[in-house]
Structures are given as C-alpha cells and as structure tokens.
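Here the sequence shown stands for residues 1 to 359, numbered as in UniProt numbering.
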Amino acid sequence: MGRDADIVVVGGGITGVAAARALAQGGRAVLLLEQFELGHDRGSSHGGSRIFRLAYPDAHYVRLAQGAREGWRELEAECGETLIVTAGALDFGPIALEHARALASCGVRYELLDGRDVSMRWPIDADPGEPVLYQPDGGTTLADRAHAAFAAAARQSGAEILENTPVTEIELGPGVVRVHTAREEIVARAVVVAAGAWAQALLAPLRIELAVVPTRETVTYFDLPGALELPTVVDDAVPDARAHGLRRPGLINYALPAPGIGLKCGLHHAGPPANPDERGEPDEAVVRWASTWVARRFPEVDPSPVGAETCLYTSTADESFVLERHGRVVVASACSGHGFKFAPLLGRTIAAMARDAAG
1 MGRDADIVVV GGGITGVAAA RALAQGGRAV LLLEQFELGH DRGSSHGGSR IFRLAYPDAH
61 YVRLAQGARE GWRELEAECG ETLIVTAGAL DFGPIALEHA RALASCGVRY ELLDGRDVSM
121 RWPIDADPGE PVLYQPDGGT TLADRAHAAF AAAARQSGAE ILENTPVTEI ELGPGVVRVH
181 TAREEIVARA VVVAAGAWAQ ALLAPLRIEL AVVPTRETVT YFDLPGALEL PTVVDDAVPD
241 ARAHGLRRPG LINYALPAPG IGLKCGLHHA GPPANPDERG EPDEAVVRWA STWVARRFPE
301 VDPSPVGAET CLYTSTADES FVLERHGRVV VASACSGHGF KFAPLLGRTI AAMARDAAG
C-alpha cells in the first residue's frame with residue numbers, strides 16, 4: 001500500500017511542526033510522520049518551558065532571536081494563547097559583557113548591573129562587583145503549549161500528522177523521494193528530515209553525514225514560593241567537574257520558571273553521549289550540583305529537588321545549526337540545546353528550502 005505527498009516531514013518535534021505549519025500555510029500538501037506521539041518525552045522538545053532570550057555573544061544570533069520573537073507573536077495571535085512570558089533575563093559573569101557588546105551592535109536595550117543591584121531588585125544573590133546583564137525582553141517560552149500550537153496550526157492549514165509512525169527508510173528515486181514506514185510507502189517530491197537525535201541513522205544510508213553528537217542532559221526541578229516571580233538566569237560560574245563528580249564540566253548554569261512545578265535548572269552540555277533508542281536516568285551528580293547552585297543563587301528557594309528528568313541534545317561542535325539541502329532532502333537540525341526559541345523563524349526557512357527541493 002502506498003500514497004503520494006508533496007512534501008514529507010520526518011519528526012514531530014518543535015522544528016518539524018514549525019516547518020509543517022509553514023509549508024501548509026504556503027499551500028503545500030504536507031505529511032508529517034512522528035515515530036512516537038506528539039509531545040513525547042523521548043527527545044528534545046518536551047516539557048513546560050524553555051528560555052527565550054535575545055542575548056547572545058554573536059550579533060547574528062541576536063538578530064535571529066529578534067526575528068523569531070516576531071514569529072512567536074504571530075503564532076500567539078493565530079492561536080489566541082500566550083506562548084512567551086516576558087519577565088526579563090539575567091546573565092551572570094564574563095558572558096554578560098560579551099552579550100552586552102552584541103546587543104549594543106543590534107540596538108537592543110539592556111542594563112549592565114553590579115551584583116549589589118541584582119540582590120536589591122530580585123531575590124537572587126550576586127557578589128558585589130560581579131557583572132550582570134539584564135535584558136527585559138527575555139523570558140520563558142511555554143514549550144508544551146507552543147508545540148501544540150504549531151501542530152494545531154499545521155493541521156488547520158491542511159497538514160496531515162501521523163503519530164506512532166516510525167520511518168524505516170528514505171530512498172531516492174528519479175525525481176522523487178520514497179519514504180518507507182512499517183505500513184506504507186510514501187512517494188514525495190521532497191522530504192524534510194527533522195528527526196533530532198534519530199536523524200543520523202536515517203541519513204547515513206543516503207550518504208549524508210550529519211556531524212552532531214546526541215547527549216542526554218539532566219534538568220532538575222525545585223519548589224518555587226507562589227508569590228516569587230523570577231527572570232530567567234544564565235550563569236557561567238560552572239563547577240569543577242572532578243570536584244563534583246560530573247562526567248563533563250558543562251558550559252553554563254541556567255534557571256527558568258517551570259509552570260505548575262516551580263524552578264527548572266540545568267547545566268548546559270554536561271550530559272554524556274547517548275543512544276536515543278535507550279531510555280536514560282537523570283545524572284545524580286548534576287542534580288546535586290543544581291541543588292548547590294540553587295542554594296548559592298536563590299536564597300528564597302528550597303534547594304531540595306522535587307524532581308528531575310532527562311532530555312536529548314543533538315549538538316554540533318560549535319553549537320551552530322544544520323540547515324542543508326541535499327537534492328530533494330532537506331536536513332534540519334536546529335540543535336545544541338538552544339534551538340527552541342528560533343522555531344518560528346526556522347519553520348519558515350526550512351519551508352523555503354523544501355519548496356525549492358520539491359521544485
């Protein structure tokens with residue numbers, strides 16, 4: 001049994017549903033295939049919240065984040081829901097100065113604060129003289145809601161989404177792409193592979209190399225007093241890996257509100273390489289470090305964890321994104337643990353590449 005489609009999107013994470021929406025709204029017949037159910041907890045797109053920020057050390061990413069913010073506002077208007085809660089963003093340490101230079105070059109407002117100023121304005125501890133950047137447009141993306149909004153918008157625009165439908169093979173033919181599942185063969189004019197940590201296995205038989213490393217990262221949750229409102233926090237005061245028993249040192253600490261839970265904390269890029277087909281457990285050393293860091297930075301938050309879970313990163317060596325076209329195959333790995341915020345912009349970009357691939 002088989003069927004035809006204009007463009008097939010493989011992978012129903014945030015990148016895949018954003019691309020499907022953009023393609024469907026552009027009038028394309030789109031079929032999205034997700035190996036699990038939408039919103040599953042096996043990949044990189046699940047959970048209640050992600051950091052939204054304009055602050056980056058590279059002006060290129062600042063401008064991309066500005067464009068993505070406009071896309072989020074469009075999606076909010078489309079679905080009638082709030083998807084980004086703007087409570088500001090704080091960056092601690094030397095990265096604050098790097099971010100300030102990039103923001104200034106893009107004309108984005110910010111404040112450079114002393115640690116004393118931070119402790120006076122928020123229930124967050126900072127050392128006197130410690131550089132801290134405050135960017136008022138940062139905040140929290142309500143991730144589960146955002147993912148659902150993209151999927152709903154894609155369906156409303158005519159995209160078909162099949163859940164629990166793993167792709168077993170992608171085969172190139174004369175002028176077409178054949179996408180195989182356990183149930184059928186789909187003949188399409190182009191395919192978008194947005195399969196996260198599973199993309200390498202799908203692309204390898206096509207001799208398309210995807211230079212990424214999947215890792216399993218740990219996030220830890222803490223109870224947050226009901227009246228306490230916090231900006232997001234990025235802090236490059238990272239631990240000594242050996243002293244804290246960590247497998248990898250990590251790059252930055254981060255914290256953000258987690259709707260219905262409290263405070264979500266993590267250590268960026270501290271996780272080990274992972275097989276996405278295997279379920280993993282939270283790294284207890286990362287959980288212990290998160291508790292230590294919360295006790296240091298958040299004096300009004302109980303540093304006893306109330307939960308922990310894992311997610312997958314799929315990272316390039318320099319944390320840049322992979323958006324490539326190989327004939328009728330578009331590879332989309334917007335990754336490295338910081339891609340979620342760019343979803344509206346990525347969706348449009350991938351859709352344009354897929355339209356070109358389809359001809």
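Beta carbons are placed, not taken as given, at the ideal position from N, Cα and C, and that holds for glycine.
Check	Outcome
Residues near residue 196 in its chain [Cβ-Cβ closer than 7 Å; skip 5 each side]	11, 13, 43, 44, 312, 314
Residue 261, DSSP secondary structure in three states	coil
Which residues DSSP lists as bridging residue 315, in chain order	213
Beta-carbon contacts of residue 69 that lie in its chain and below 8 Å, excluding the five residues immediately before and after	52, 54, 84, 137
Those residues which DSSP pairs with residue 84 across a bridge	141
Secondary structure of residue 287, DSSP reduced to three states	helix
Residue nearest to residue 236 in terms of C-alpha spacing, selected from 310, 323, 119, 57	57
Element boundaries [beta strand (DSSP E), containing residue 185]	185-193
Short Cβ contact (7 Å threshold) for residue 177 with residue 191	yes
Which of helix, strand or coil DSSP assigns to residue 159	coil
Inter-residue CB distance, residue 244 and residue 285 (contact presumed, cutoff 8 Å)	6 Å
Span separating the alpha-carbon of residue 292 from that of residue 303	7 Å
Under 7 Å between C-beta atoms of residue 271 and residue 254	no
Supposed close pair residue 268, residue 359 - CB separation, criterion 8 Å	Not really, about 40 Å apart at Cβ, beyond 8 Å.
Terminal residues of the alpha helix (DSSP H) in which residue 105 lies	94-105
Alpha carbon of residue 360 to alpha carbon of residue 129, nearest angstrom	What the structure shows of the chain is the stretch from 1 to 359, and residue 360 is not part of that stretch, so it cannot be assessed.
Supposed close pair residue 258, residue 248 - CB separation, criterion 8 Å	Not really, about 23 Å apart at Cβ, beyond 8 Å.
Spatial neighbours of residue 189 in its chain, beta-carbon cut-off 6 Å, leaving aside the 5 residues before and after	6, 358
Secondary structure of residue 361, DSSP reduced to three states	Here the chain comprises residues numbered 1 to 359, so residue 361 is not present and cannot be evaluated.
Top-ranked residue by Cα proximity to residue 297, from 119, 34, 142	119
Supposed close pair residue 165, residue 34 - CB separation, criterion 8 Å	7 Å
Anticipated Cβ contact below 8 Å, residue 287 with residue 299, distance rounded	Incorrect: roughly 20 Å between the Cβ atoms, too far for contact.
CB-CB length for residue 279 against residue 26, believed under 8 Å	37 Å between Cβ atoms; not a contact.
Cβ neighbour criterion (16 or more within 10 Å) applied to residue 4	exposed
Straight-line gap, residue 16 to residue 263 (C-alpha atoms, nearest Å)	28 Å
Boundaries of the alpha helix (DSSP H) in which residue 61 is found, first to last residue	59-79
Residue environment, residue 50, which counts as buried when at least 16 other CB atoms sit within 10 Å	buried
Reference residue 317, options 9, 335, 82, 182, closest by Cα	335
Residue 180 vs residue 163 beta-carbon contact at 7 Å	no
Coil, strand or helix - residue 240 by DSSP	coil
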